[in-house]
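Going by the working numbering, 344 is the number at position 344 of the sequence shown; the sequence numbering is gapless. Each residue gets a CB set at the ideal place from its N, CA and C atoms; glycine is no exception. All remarks here apply to the structure that follows.
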Amino acid sequence: MSRLVQSDLGLLVRPQTVSVGDAAALAPEAVRQWLLDLPRANIGQMTKAVYERLANSNRYRLSPKVRLGFLEVMTPEIERLLELLEQRFRNATFSFTEKQRKIIALVRAILKEQAIAYKSVVHQDWLTSDGRNERSMLVRTLVLAVYYQARQINHYFRCYTEIPPTLWKELYLLFELARRNELDNMTVPLPKPSVQASVRTLFKSCLLIALANPNQLRVQEFWTLQFNHLELARKLRLVSPHLDEAQFVVQLRSDSGPIQKALCPDCHAKGLIGIDTQALVFYLQQLMSGETSSSNELNKMLMHHLVAALGHLSTRSFARVPCHRKAKLAVGLAATSSQLEQYALHMEDDVAAPDALSALEGSLRDAKILDDDETYRATHQEEDDPWEKLYRPKVSVNDDPELQKKYHLSGDLVKKPVSKLYQMKAVTVRDSSPSGYGIYFDEEAPVQTQTDEVVGLFEMDSDNPSQGKWSIGVIRWIQWKDTKLCVGIQSLSTSAEPITLKLKQKRKEPVAEHRALLLPEMPHVGQPHTVLTPALPYKEGDTVHVQTQTESFTIKLEARVAHGRGYQRFEYRRLESPSPSVRKERLVDDDLDDVWQLL
């Protein structure tokens, strides 16, 4: 593919050096027939053919009208293919397969060629003497050029990767071009979603997604915020950077996104525009309180996130301390609870047997058989030989559920494989601060890795890797840096007790149990005992039955002190004194009584 060159307007386009032998082949009717002849059932072949035709058209010498007519026929089919391709990785977070990575690159390439095509029309239309008189065509071209620039920005944010500087720079050039010629408020229909939008609205939607702390958003929220709710972008006001209402600024002569006004080195620089978010924050607060209704329902968690990102401006008052410490990370509330439970069992001092078979051995575990070697190694022995049954079992107790049931072995004595979702991953702590950690994964991240997930960070002791210290936290931001997945963790507690929860109901109906965590009291910050629960179905006022490793009791959930998309944190009050746990005690015997019962 030919390289990109900078046009007279500063836009990157492909050099149009190829003459079209048969211009009729690019006429709308011919293109429609060509699309109908493609194998629609074969998505791979069809996508390849459409991409090649689109990319090649950007090198043809075409008039603005012919090129725009070609794009109007191709765009609906391109959007259909993009939708089918995005379904292949839409629900994935970071654990992309090799095939998914290729599909992501293909989607990115198609969006790029679409943007180049419309920028080429803008370039040609602006430079021709008669193009400026056809105002409606120029407006449509400008809007769609900005639209596909915005689509690329959204795609990079959705993959948690850095935005190429050229995307911001060209977005600013297109906006300035439309604003200078008073074309920025004229609306045209968008390919997706089917709404009317202007250059100004799409420009502000890009600013909004950049200001919303995108590394803290979840995958499905990027499109919702930037395109499904354009009314939010319209609430942003572009004002003079000197006004007090301007909480953020954007430099149109730069190649980076908007920043806080307090971080701008020169508020008098040319090309600087202020961004007022007060109207948007007030609108969101009305939606959350129910005073105003939205035609398209907004997720409450997303609204809370936007208010926090736009309305509570703050800067870091402490520095991160660089470090390089190896650790392990459990991702998810259930995974963290499971790993803490396994760690507690491992650290129990009174555990004498690691598994069921060892427990049955009792004090004979280290016994030696004093017998003739030939007799000891004999292969034919009587079937009713008790020593054969004891020392040469045909099936391991650990592998035979019938034997476990026969000898009344508790379930925790049987070694069970840890679920793949619950397994801990190797990470490196790259920096720390009073509020948490910055880490990156040394191996493939779990599929459930996303913002607002509870995590358990285990830093191993250098002398004894099986021991170390735990830290319970929540994922606050995610970003790819240098092919490594970096994660920011907000620390909640330095310890926790794994438990299981279930709602207490009057009717004797089956109720689902959930893994959860009890967090200790922190008097120095005025934080009482709290419990971390899943986001559903628990709420304030619920009566909940709690089962720990040693006891069971009932609590009442009181004030909810924190919540996210994947967890809730409640203060609680015990309703009754703890009762002994119903779980069977581990089988540990030092005499031969239980051994003789097997004979």
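- Query: Which first and last residues belong to the alpha helix (DSSP H) in which residue 289 is found?
  - Reply: Along the sequence shown, read from residue 1 onward, the residue named residue 289 stands at position 289. Note, residue 289: alpha helix (DSSP H), 278 to 289.
- Item | Buried/exposed call for residue 225, threshold 16 Cβ in 10 Å | Position 225 of the sequence shown, counted from the first residue, corresponds to residue 225. Burial call: buried.
- Item | DSSP state of residue 546 mapped onto helix, strand, coil | Here the question's residue 546 lines up with position 546 in the sequence shown. Note: residue 546 maps to strand in three-state DSSP.
- Run the proximity test for residue 478: is its beta-carbon closer than 8 Å to any non-hydrogen atom belonging to the ligand COA? Only the bare structure without any ligand can be found here, which leaves the ligand COA out of the picture.
- Query: Any idea if residue 464 is buried or exposed, counting beta-carbon neighbours within 10 angstroms, 16 or more meaning buried?
  - Reply: By 1-based counting over the sequence shown, the position of residue 464 is 464. Exposure of residue 464 is indicated by the presence of fewer than 16 other C-beta atoms within 10 angstroms of its C-beta.
- CA-CA distance, residue 514 and residue 28? By 1-based counting over the sequence shown, the position of residue 514 is 514. By 1-based counting over the sequence shown, the position of residue 28 is 28. Cα to Cα, the separation comes out at about 58 Å.
- Item | Contacts around residue 115, its chain only, beta-carbon distance under 7 Å, and the 5 residues preceding and following it disregarded | Position 115 of the sequence shown, counted from the start, is the residue given in the question as residue 115. Around residue 115: 145, 148, 149 and 152.
- Query: Start and end of the beta strand (DSSP E) containing residue 553?
  - Reply: Stepping through the sequence shown from its first residue, residue 553 is reached at position 553. 551 to 563 is the extent of the beta strand (DSSP E) around residue 553.
- Task: Leaving aside the five residues before and after residue 317 along the sequence, list all residues of the same chain whose C-beta is less than 7 Å from its C-beta, in chain order.
- Result: Residue numbering aside, residue 317 sits at position 317 when the sequence shown is read from its first letter. Here residue 317 scores only 48 on pLDDT, less than 50, and its place in the model should not be relied on; the value that follows carries that caveat. The same chain holds no residue with a CB closer than 7 Å to that of residue 317 once the five nearest residues on each side in sequence are set aside.
- Check the DSSP bridge columns for residue 438 and list the partner residues they point to. Walking along the sequence shown from the start, residue 438 turns up at place 438. Answer is 431 and 488, bridged to residue 438.
- Residue from 77, 193 and 10 whose Cα sits closest to the Cα of residue 53: By one-based count along the sequence shown, residue 53 stands at place 53. If we check each option's Cα against that of residue 53, 77 comes out closest.
- Query: Going by beta carbon distance, what residues of the same chain come within less than 7 Å of residue 281, once the five residues before and after it are set aside?
  - Reply: In the sequence shown, residue 281 corresponds to position 281, counting from 1. Excluding residues within five positions, the ones whose Cβ falls inside 7 Å are 307, 310 and 311.
- Query: Is it the case that the Cβ atoms of residue 74 and residue 35 are separated by a distance below 9 Å?
  - Reply: Taking the first residue of the sequence shown as position 1, residue 74 is located at position 74. Taking the first residue of the sequence shown as position 1, residue 35 is located at position 35. Yes; because the gap between Cβ atoms is below 9 Å, this pair is in contact.
- Task: Classify residue 155 as buried or exposed, calling it buried when 16 or more other Cβ atoms lie within 10 Å of its own Cβ.
- Result: For the purposes of this step, residue 155 is taken as residue 155 along the sequence shown, with counting starting at 1. Its Cβ being crowded by 16 or more others within 10 Å, residue 155 is buried.
- Rounded C-alpha distance that separates residue 320 from residue 248: The residue labelled residue 320 in the question sits at position 320 within the sequence shown. The residue labelled residue 248 in the question sits at position 248 within the sequence shown. Cα-Cα distance, rounded: 24 Å.
- Message: I want to know whether the region 446 to 461 touches the region 327 to 335 - three or more CB-CB distances under 8 Å.
- Response: A contact exists between the region 446 to 461 and the region 327 to 335.
- Query: Between the region 545 to 561 and the region 203 to 211, are three or more C-beta pairs nearer than 8 Å?
  - Reply: no
- Got a sec? Which residues, its chain only, sit under 7 Å from residue 187 by beta carbon, not counting five neighbours each side? Here residue 187 refers to the residue found at position 187 when the sequence shown is read from its first residue. In chain order, 196, 197 and 198 place their CB closer than 7 Å to the CB of residue 187, counting only its own chain and leaving out the 5 sequence neighbours on each side.
- Task: Decide if the region 537 to 545 is in contact with the region 520 to 529; the criterion is three or more beta carbon pairs, one per stretch, under 8 Å apart.
- Result: As far as the Cβ criterion goes, the region 537 to 545 does not touch the region 520 to 529, which means the pair count is below three.
- Task: Would you give the residue range spanned by the alpha helix (DSSP H) that residue 206 belongs to?
- Result: Taking the sequence shown and counting its residues from 1, one reaches residue 206 at position 206. Here the alpha helix (DSSP H) through residue 206 covers 199 to 211.
- Beta-carbon separation (whole angstroms), residue 435 vs residue 491, contact threshold 8 Å: Looking up residue 435 in the sequence shown gives position 435. Looking up residue 491 in the sequence shown gives position 491. That belief holds up - the Cβ atoms of residue 435 and residue 491 are roughly 6 Å apart, short of 8 Å.
- Can you name, in chain order, every residue of its own chain whose Cβ lies under 8 Å from the Cβ of residue 16, other than the five neighbours on each side? Along the sequence shown, one-based indexing puts residue 16 at 16. Excluding sequence neighbours, residue 16 sits near 58, 59, 60, 61, 62 and 120.
- Query: So does the region 169 to 180 actually touch the region 210 to 230, counting three or more Cβ pairs closer than 8 Å?
  - Reply: no
- Unbroken beta strand (DSSP E) run spanning residue 330, endpoints: For the purposes of this step, residue 330 is taken as residue 330 along the sequence shown, with counting starting at 1. Its beta strand (DSSP E) spans residues 321 to 331.
- How would you call residue 290, buried or exposed, if buried means at least 16 neighbouring beta carbons within 10 angstroms? As a first step, residue 290 is located in the sequence shown; it is residue number 290 there, counting from the start. That one is exposed.
- Query: Does the Cβ of residue 402 have 16 or more other Cβ atoms within 10 Å, making it buried, or fewer, making it exposed?
  - Reply: The sequence position of residue 402 within the sequence shown is 402, counting from 1. Per the 10 Å Cβ criterion, exposed.
- Per DSSP, which one or two residues make a beta bridge with residue 480? Here residue 480 refers to the residue found at position 480 when the sequence shown is read from its first residue. Paired residue(s): 485.
- residue 459 by DSSP, collapsed to three states: which one? Taking the first residue of the sequence shown as position 1, residue 459 is located at position 459. Correct three-state label for residue 459: strand.
- Message: So, with DSSP's three-state summary, where would you put residue 46?
- Response: Here residue 46 refers to the residue found at position 46 of the sequence shown. In this structure, residue 46 counts as helix in the three-state DSSP scheme.
- Alpha-carbon spacing of residue 167 relative to residue 479, whole angstroms: Looking up residue 167 in the sequence shown gives position 167. Looking up residue 479 in the sequence shown gives position 479. Roughly 18 Å between the two C-alpha positions.
- Same chain, Cβ closer than 7 Å to residue 45, neighbours up to 5 away in sequence not counted: In the sequence shown, counting from the first residue as 1, residue 45 sits at position 45. Within the same chain, residue 45 has close Cβ partners 39.
- Whole alpha helix (DSSP H) runs in the region 56 to 89 with 4 or more residues, listed along the chain? Taking only runs of at least 4 residues, the alpha helix (DSSP H) segments lying wholly in the region 56 to 89 are 64 to 86.
- Query: Looking at residue 429 and residue 323, is the spacing between their C-beta atoms short of 9 Å?
  - Reply: What you label residue 323 is simply residue 323 of the sequence shown in a count that begins at 1. What you label residue 429 is simply residue 429 of the sequence shown in a count that begins at 1. Yes, the pair counts as a contact, with Cβ atoms nearer than the cut-off.
- Query: Between residue 288 and the rest of its own chain, which residues show a CB-CB distance below 8 Å, the 5 nearest in sequence each way excluded?
  - Reply: Working through the sequence shown from its first residue, we reach residue 288 at position 288. Result list for residue 288: 300, 303, 304 and 307, in chain order.
- Count the other CB atoms, across all protein chains shown, that sit within 10 Å of the CB of residue 274; report buried if there are 16 or more and exposed otherwise. Position 274 of the sequence shown, counting from 1, holds the residue named residue 274. Classification of residue 274: buried, given that the 10 Å Cβ count is 16 or more.
- Which term fits residue 242, buried or exposed, when burial requires 16 or more other beta carbons within 10 angstroms of its beta carbon? Reading the sequence shown from its first residue, position 242 is the one you call residue 242. Exposed is the call here.
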